[in-house]
């Protein structure tokens, strides 16, 4: 079909996106994805995976954005985002080993997901080398993301971490403004709301950001 025309259903959109995103996997495996996977249209702020739960399905993002983080008491720490054509490598690893999840994953915006049964993913990983290669590439990408986060925490001050967070948020959402509360930003960075407010005020004085009614603008 012509992708400029509106899709008649989430299933139709999902079928088109899977074929578009994963041609390298071959027609046979793509057909298995569509036959055995579950299509889910999920609203924002929906928890997909909770820390401690066992992974029954592995989510693949077809449209939207998913946040992956760890939490302790009232604090959270953002690990990475999952965009279209990506999956959560940590849920993949937990599912493959039948271990409980060590992360939580929530939708940041309305998202279209392909949910692949873990037992079939285990089977496909043995049968299709291209499938393993795809997840190895995702693993490398997420590993780089985690290393970058560790470096930011260890070797950069909060001003630099906050600027990086805002730039990444803008890039992932494809929006010039970051429309999040100070409390939400503080939660993602594992600090207090008052600290984020003071830091943003300082960055605004330095001309690095501009706080507007509809969001935070990088300048």
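Numbering (the working numbering), first residue to last: 3 to 221. The beta carbon of each residue, even a glycine, is placed where N, CA and C say it ideally should be.
For residue i, the three-state DSSP class (helix, strand or coil)
i           : result
residue 27  : helix
residue 87  : coil
residue 60  : strand
residue 102 : strand
residue 203 : helix
residue 219 : strand
residue 182 : coil
Best match in the options for proximity to residue i [C-alpha to C-alpha]
i           : options          : result
residue 143 : 20, 186, 85, 66  : 85
residue 23  : 63, 57, 45       : 63
residue 131 : 28, 11, 10, 16   : 28
residue 219 : 176, 69, 114, 49 : 176
residue 152 : 53, 47, 79       : 79
residue 161 : 204, 31, 46, 73  : 204
residue 155 : 190, 17, 212     : 190
residue 115 : 217, 76, 10, 14  : 14
residue 83  : 104, 186, 108    : 108
Residue i beta carbon near the ligand SAM (any heavy atom closer than 7 Å)
i           : result
residue 181 : Looking for the ligand SAM in the displayed structure turns up nothing, as the structure carries no ligands at all.
Pairwise C-alpha distance: residue j and residue i
i           : j           : result
residue 207 : residue 201 : 10 Å
residue 43  : residue 117 : 11 Å
residue 214 : residue 30  : 50 Å
residue 124 : residue 157 : 39 Å
residue 159 : residue 121 : 43 Å
residue 137 : residue 33  : 18 Å
residue 126 : residue 134 : 8 Å
Residues bridged to residue i [DSSP beta-bridge criterion]
i           : result
residue 2   : Only positions 3 to 221 of the chain appear in the structure, and residue 2 is not among them; the question remains open.
residue 113 : 44
Interface flag, residue i vs chain C, CB-CB below 8 Å
i           : result
residue 113 : Of the protein chains in this structure there is only one, and it is not chain C.
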